[in-house]
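Numbering (the numbering used here), first residue to last: 446 to 856.
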Ligand SMILES: *Cc1c(COP(=O)(O)O)cnc(C)c1O
């Protein structure tokens, strides 16, 4: 074992570095990236953290999604060498832009980060002085136009830049709201209602020469949505990396017009000071996000959809063997979380428990299973999500449900 001090001493004692080769000094490899020993212990156990089966939808508090094996492989295989982060972001961006049929793309630390960077880009352009001053530009605050019905929790990412949100209703108000301080328009794709259609929104933005941004963070499947909005004419589009695309949870995509993406990059790490610096994406996650997107685009989405339906049938047939229990396949209309799940109900005179109680029992049991609840008029229904289950978890969920409902039938 050669200590660092010894190594340095040996280095200074030797006349040329070449002299080290074959001495065993260089092979001491102080930067070895392989683990000293395979981590034998279960880190969940070591820390007392409960692993959870997600029988619901992607949720940030439940760690988003599970990365595909190919993504983990990308992370592991690229962790062993340094890379120039400017080069990496540029090269990955160029490749992703090709894949997404748009001018430019970049990896962000999530869709919320993409919203900060997109707004910052719209405010600063290539202006270095403005970049340095964000979020405290002198003069009137930059304005971002949104539909009143589109206001949502994530729009705080917009005001993080110092911009203010101007609410409008209908195309006429949107046109009237345009002024010299307007820097961007934001469309929330999964909003419950819209007073301005996608097409009108893009047209009014273009007419006023103002970049339009659409947040479609959770809006795949269908995979076509990854292409839809740039084609419609939106200048910036974001999707989360850590939802159904199954990339790293702290990664996301921002793509669209080249000048805006270049400006967004200038507002991001590895640059030292700008507003996006605290939203750093590491090298491994960039590679991971790239591979996740590639894999997602190559997925057989029809087969995957059928597998989800089959999972529901499997669980349904198990629990429907109990008197009065009824499972129903429900396809969420979207745009967010647009995939099948199972709605479960029963006659509470026969199965003497409520959906809320079953939800709690599943969650507090071993293994811990997080399902969902859905209001159905006066009553509630249990929602069993299947898209985030590992294949071996389908029968575990079915058995736990069967046990719990059977127990309640006897009581
Ligand atoms: C999840 C979500 C976000 C935030 O995405 P992150 O990738 O977690 O930063 C933003 N907007 C919408 C509509 C979302 O669903």
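By construction, the Cβ of each residue, glycine as well, lies at the ideal position given by its N, Cα and C atoms.
As the structure is a prediction and not an experimental result, all values here were calculated from the model.
Worksheet entry | residue 525 versus residue 533: straight-line alpha-carbon distance, rounded | Whole-angstrom Cα-Cα distance: 15 Å.
Worksheet item: Grouping DSSP H, G and I as helix and E and B as strand, with all else coil, what is residue 848?
Response: Reduced to three states, the DSSP call for residue 848 is helix.
Worksheet item: Near residue 731, what residues of its chain come up, given a Cβ to Cβ distance below 6 Å and the 5 sequence neighbours on each side ignored?
Response: 533, 537 and 552.
Worksheet item: Taking Cβ positions, are residue 629 and residue 674 nearer each other than 7 Å?
Response: Taking 7 Å as the Cβ cut-off, residue 629 and residue 674 do not qualify as a contacting pair.
Worksheet item: Residue range of the alpha helix (DSSP H) that residue 704 falls in?
Response: For residue 704, the uninterrupted alpha helix (DSSP H) segment begins and ends at 703-711.
Worksheet item: On the three-pair Cβ rule with 8 Å, is the stretch 509-527 touching the stretch 663-680?
Response: At 8 Å Cβ cutoff, the stretches do not touch.
Worksheet entry | Secondary structure of residue 881, DSSP reduced to three states | Nothing about residue 881 can be reported from this structure: the residues present for the chain run from 446 to 856 only.
Discussion item. Using the three-state DSSP reduction, which class does residue 690 fall into: helix, strand or coil?
Written reply: Coil.
Worksheet item: Roughly how many angstroms lie between the CA atoms of residue 594 and residue 856, to the nearest whole one?
Response: Rounded to whole angstroms, residue 594 to residue 856 spans 47 Å at the Cα level.
Worksheet item: Shortest alpha-carbon distance to residue 401 belongs to which of 761, 568 and 601?
Response: Since the first residue of the chain shown is 446 and the last is 856, residue 401 is not available in this structure.
Practice prompt. Return the residue from the list 729, 727 and 709 that minimises the CA-CA distance to residue 721.
Written response: Residue nearest to residue 721 within the set 729, 727 and 709 is 709 (criterion: CA-CA distance).
Worksheet item: Who are residue 499's beta bridge partners in DSSP?
Response: Per DSSP, 815.
Item to complete: For residue 822, count neighbouring Cβ atoms within 10 angstroms of its own Cβ and tell me buried if that reaches 16, exposed if not.
Response: Its Cβ having fewer than 16 others within 10 Å, residue 822 is exposed.
Worksheet item: For residue 746 versus residue 562, is the C-beta spacing smaller than 7 Å?
Response: Between residue 746 and residue 562, the CB-CB gap reaches or exceeds 7 Å.
Worksheet item: Between the C-alpha atoms of residue 549 and residue 692, what's the straight-line distance to the nearest angstrom?
Response: Approximately 19 Å, taken between the alpha carbons.
Worksheet item: So is the beta-carbon of residue 594 under 6 Å away from any non-hydrogen atom of ligand 1?
Response: Every heavy atom of ligand 1 is 6 Å or more from the Cβ of residue 594, so no.
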